[in-house]
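Let me begin by presenting the structure, written as structure tokens, before commenting on it.
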Amino acid sequence: MIRLIQLTVVLLLLAYICIPLAEAGGLSTTFSEVTLENLEIGQAYSTKETAGLPLAVMNTGKQAVDLKVELLLPAAEELKPAFKSIPDLSWIKLEKTDFQGIKPNESAITDVIISIPNQRQYKGEQYQVFIWSHTTGTSIGIGLKSKLLLKIKGE
């Protein structure tokens, strides 16, 4: 009985400490799912120029945060129907990947550059990649996975 009371007290203390920390942080983006169509092999594209949409991640929390942006290959169960995982992450370049001191209601902004290799095997294919934007240097991390879908023009 005493052990149960001790465990309950510890859990309540953790909740009391962690819930305000979690509520203090937040991120948002309009780059949640972006599709680029009719891409040509052997060409490079900027989401900023092609779609008018750079990756912008806003700090919706109450404190300044450091942010890191990384590329991730999707797991098989995360793929949209008819899409494959991008063959190589080197197809995608981020203009900037590390941001320090993003104040509340300010955004970290970077262009996303897609380079399709000049190989016929990619014609007509559809690929998916994730862009993971996440806080760093904090005890409780917050992150977003943006989905980038690429549709390469066929014959």
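Position 72, counted from 1, in the sequence shown is what this note's numbering calls 258; the numbers after and before it change by one each time, with no gaps.
Note that the Cβ used here is the ideal one computed from N, Cα and C, for glycine as well.
- Taking C-alpha positions only, residue 255 is separated from residue 318 by approximately 6 Å.
- In the three-state scheme derived from DSSP, where H, G and I count as helix and E and B as strand, residue 218 is classed as coil.
- In the structure shown, residue 305 adopts coil according to DSSP, grouped into three states.
- Counting only runs of at least 3 residues, the stretch 257 to 290 fully encloses the following beta strand (DSSP E) elements, listed from N- to C-terminal order: 278 to 280, 284 to 288.
- Less than 8 Å separates the beta-carbon of residue 269 from that of residue 312.
- In this structure, residue 222 keeps its C-beta atom at 8 Å or more from the C-beta atom of residue 243.
- Spatial neighbours of residue 289 in its own chain (CB-CB distance under 6 Å, excluding positions within 5 residues in sequence) are listed in chain order as 250.
- Taking a 10 Å sphere around the C-beta of residue 233, we find 16 or more other C-beta atoms and assign the residue as buried.
- Residue 291 counts as exposed, since fewer than 16 other beta carbons sit within 10 angstroms of its beta carbon.
- Under DSSP, the beta-bridge partners assigned to residue 300 are 231, 278.
- Nearest to residue 298 by C-alpha distance, out of 320, 281, 285, is 281.
- Around residue 226, the same chain offers 339 as residues with beta carbons nearer than 6 Å, after the five sequence neighbours per side are excluded.
- Of the residues assessed, residue 218 falls on the exposed side of the cut-off, its CB having fewer than 16 other CB atoms within 10 angstroms.
- For residue 246, the secondary structure class from DSSP, reduced to helix, strand or coil, is coil.
- Check the Cα spacing between residue 279 and each of 240, 260, 337: the tightest is with 240.
- Straight through space, the alpha carbons of residue 271 and residue 305 are spaced by roughly 17 Å.
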